[in-house]
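Take 497 as the starting number for the sequence shown in the working numbering and just add one per residue.
No residue lacks a Cβ here, since even glycine has one placed at the ideal position from N, Cα and C.
Here the structure comes first, spelled out in structure tokens, and everything after it is commentary.
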Amino acid sequence: MEEKKLDINSIIGFMLIFAILIFWFYTNQPSPEEAAAQKKEQVTSQEESENPAPAPKLSEEEAIDLNDSTAVAAYNKSVGDFSFTRASSDLTTLENEVLFLRINNKGGQIVEARMKEYVTFDSIPVYLIHEGNAAFDLQFTTTDNRVLHTKNLYFEPSFSNSGENQILSMKAKVAPDKFLEYRYEMKSGEYLLDFKVRTEGLSGTMNADQPIQLNWQLRGIRQSKSVEYENRYSRLTYNYEDGKISKLSEGSDDEETEENVKWLSYRQHFFSSILASEQPFDKAQLSSKNLVEDDEVAKFTKEYAATIPLALDSGELDYDMYWYFGPTDIKELDRYKELGLTDSIPFGWGIFGWLNRYIFTSFYTFLSSFLPYGIAIIVMTILVRLIMSPVTYKSYLSQAKMKVLKPEITELGEKFKDNAMKKQQETMKLYNKAGVSPMSGCVPALLQLPIFYALFMFFPTSFALRQKPFLWADDLSSYDTIAHLPFNIPFYGDHVSLFPILASIAIFFYMMMTTGQSMQTQPGMPNMKFIMYLSPLMMLFFFNNYASGLSLYYFISNLITIFIMLAIKKFILDEEKIHAQIQENKLKPKKENKFQRKMRELMEQAEAQKNTGKR
């Protein structure tokens, strides 16, 4: 019983670390797209290079009426492809203080999305869309069963303003009063764009029995030093109409078909591309493919894809949507609470996510507003450990009581070494008389789990830590490096991080304090001793590629816990008084509760059956 108690009380938090890390550790460098020469300008989109040569430019008078099947047939025969009115294939620019976009007139789609305020780990501007890594296309079926793709259509741009908002209207025209429109509205200083898709005068052209298919693909561009680490937090997340959040797998290829989807997020760790809709999508086919195979050469993290049917209203298309191209930052996403985009941040589930989102994120934001970011982590850690010190006291008190009882438990073990059932019965009686519960040390440890897991999720996903230096670490959201290795060690990497080393040393001394003495005398302790050495070693390996802010937290947290336990031992707890109290408790009549009585009766029945079987 005591061994079990010590096992749980001493290592429950640490074993959880390893379980979570193993879970998190459960592709393909795509070749560069070749630019397709089209007249005298360069087009970088992969879809551009794959498309056949465009139809010759037509004047408005020559524009084809899709309702005229004879004209359509004659045109298709002459050019071999069906097209709306041909317009210029130039790129149109749309930008504000924080976001720069390029929209290709062919396809009307965004072919470049750049963050103005951020750079990657190697000082390159942060692109969410660049050099053909993304494609947006609507697939139509006409009344005569022909299939059209908007990526092949030419859109005419026109600018206007609504107050301080910039409006870009992209129209693919069949005739002046018949067109498909993409309408982008950009607000000052925001990463969110209003995006309207509508048709006018095409009700007799589109086959109402065949819904329009929205296709959106994107390959996440590498932004961090460790693409493997970045890839763990790159994930396709989506929100149902009822507010429920779901996700595709972050570690392997995955696909799902979902209904009533309000928004979907292609998250690239600290940056996200999000498509949201005022009218929830009835159905969405979603997929995610892992692209990381080699950390050294990988340029992309994941390949995301979504196919979404869009319903027609009276034969026309009319959808109010939103694009978000920006940081996965609670400060930015909270600006759009009505859309619920903040839920795309991986705070964690249940009470863990609540603590992370509303306590630790808010508290750290407050501290870092007037303290250096590394100092803010240390201050937050100190305050958390002080708040949890009563729990630490309860845990250490339980250990002290069990230590006092250890000689008597050892004596019982020797006395009933050939009768495990009797040994267990007598041990339970001893605990009951002494007023000691073997589970009392487990409860304090369990109470700390929500804090532990919430902080475990906080540090790797906190945008506030991105590229913030502290001491020798140049980025608290990534690993620190004190030495580069000329080779790669599996699960460890090709570098040495100092913060994980310090955290592992602190954990080792903590485990020595909590389990070291009992290991020498109790049976079964060689396994515990092995765990005592293995746990810091595992942390050293797993955390070498994790956020240095997380390792800094564990180092300071365990250091403070060690000092608190030393203070409790020297100035608060007196083992002689504890021993005297236990002996006094033994003399008092102890009433069994229902659970204890039931357990005693079950043990006695088992003992009686065992004795009967021997006869």
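Cβ-Cβ separation, residue j to residue i (assumed contact under 8 angstroms), whole Å
i: Leu664; j: Ile599; result: 7 angstroms
i: Leu851; j: Pro946; result: 6 angstroms
i: Leu829; j: Tyr762; result: Contact doesn't hold; Cβ gap of about 14 angstroms is too wide.
i: Leu1048; j: Phe1039; result: Rounded, the Cβ-Cβ distance is 11 angstroms, inconsistent with contact.
i: Ala969; j: Leu808; result: That pair is no contact at about 55 angstroms.
i: Tyr1050; j: Leu961; result: Their Cβ separation, rounded to whole angstroms, is 15 angstroms, which puts Tyr1050 and Leu961 out of contact at 8 angstroms.
i: Ala802; j: Ala772; result: The pair is not a contact, with the Cβ atoms about 12 angstroms apart (cut-off 8 angstroms).
Contact check, residue i vs residue j, beta carbons under 9 angstroms
i: Trp759; j: Asn735; result: yes
i: Leu689; j: Phe821; result: yes
i: Phe796; j: Val788; result: yes
i: Ser646; j: Ala668; result: Here the sequence assigns Thr to residue 646, which means Ser is not the residue at that position. A contact, by the Cβ cut-off of 9 angstroms.
i: Ser1006; j: Ile1052; result: Per the sequence shown, the amino acid found at residue 1006 is Tyr instead of Ser. Result no, Cβ atoms of Tyr1006 and Ile1052 do not sit closer than 9 angstroms.
i: His626; j: Ile717; result: yes
i: Phe766; j: Pro823; result: yes
i: Ile855; j: Ile841; result: no
i: Ser742; j: Glu593; result: no
i: Glu681; j: Thr695; result: no
i: Thr857; j: Ser958; result: yes
i: Met611; j: Leu595; result: yes
i: Tyr687; j: Leu732; result: no
i: Asn661; j: Gly603; result: no
i: Phe848; j: Ala1002; result: no
i: Leu967; j: Ala1043; result: no
i: Gln764; j: Leu624; result: yes
i: Met1009; j: Gln944; result: no
Buried/exposed call for residue i, threshold 16 Cβ in 10 Å
i: Val723; result: buried
i: Ile873; result: buried
i: Phe843; result: buried
i: Phe983; result: exposed
i: Ala559; result: Residue confidence for Ala559 is low, a pLDDT of 40 falling below 50, so the modelled location carries little weight; the figure read from the coordinates is stated next. Flag for Ala559 reads buried.
i: Glu834; result: exposed
i: Thr923; result: buried
i: Tyr1029; result: exposed
i: Lys674; result: buried
i: Glu910; result: exposed
i: Glu1115; result: Here the chain covers residues 497 to 1111 and nothing more, so residue 1115 does not appear.
i: Val643; result: exposed
i: Phe866; result: exposed
i: Val793; result: exposed
i: Met903; result: For the record, residue 903 in the displayed sequence is Pro; it is not Met. By the neighbour-count rule (16 or more Cβ atoms within 10 Å), Pro903 is not buried but exposed.
i: Pro986; result: exposed
i: Ser768; result: buried
Among the options, nearest to residue i - alpha-carbon criterion
i: Val757; options: Met817, Phe796 and Ser654; result: Met817
i: Phe651; options: Asp839, Leu587 and Phe995; result: Leu587
i: Phe691; options: Ser684, Lys890, Lys674 and Met666; result: Met666
i: Ser720; options: Ser699, Met884 and Val622; result: Val622
i: Arg728; options: Pro986, Met953 and Gly739; result: Met953
i: Gly811; options: Ser1044, Glu907 and Gly697; result: Gly697
i: Ala999; options: Met702, Met1035 and Glu774; result: Met1035
i: Ile804; options: Val670, Gln775 and Asp971; result: Gln775
i: Asp839; options: Tyr889, Ser864 and Gly739; result: Gly739
i: Ile871; options: Lys964, Ser745 and Ile997; result: Lys964
i: Leu813; options: Val693, Thr753 and Glu904; result: Val693
i: Thr701; options: Leu1033, Lys798 and Thr639; result: Thr639
i: Tyr725; options: Asn1054, Ile1056 and Asn1041; result: Asn1041
i: Asn601; options: Phe862, Ser658, Ser656 and Arg679; result: Arg679
i: Tyr889; options: Lys1066, Pro672 and Tyr815; result: Lys1066
>> Check whether the stretch 627-638 and the stretch 612-619 touch, using three or more Cβ-Cβ pairs below 8 angstroms as the test.
In response: They do not touch, by the three-pair rule.
> Can we say the stretch 742-758 touches the stretch 776-784, given the rule of at least three CB pairs closer than 8 angstroms?
Replying inline: yes
>> Count Cβ pairs between the stretch 1059-1066 and the stretch 987-1000 that sit closer than 8 angstroms; are there 3 or more?
In response: Between the stretch 1059-1066 and the stretch 987-1000, the count of Cβ pairs shorter than 8 angstroms is below three; the stretches do not touch.
>> Using 8 angstroms as the cut-off, can you tell me whether the stretch 970-989 makes contact with the stretch 875-885, which would need three or more C-beta pairs spanning the two stretches below that distance?
In response: no
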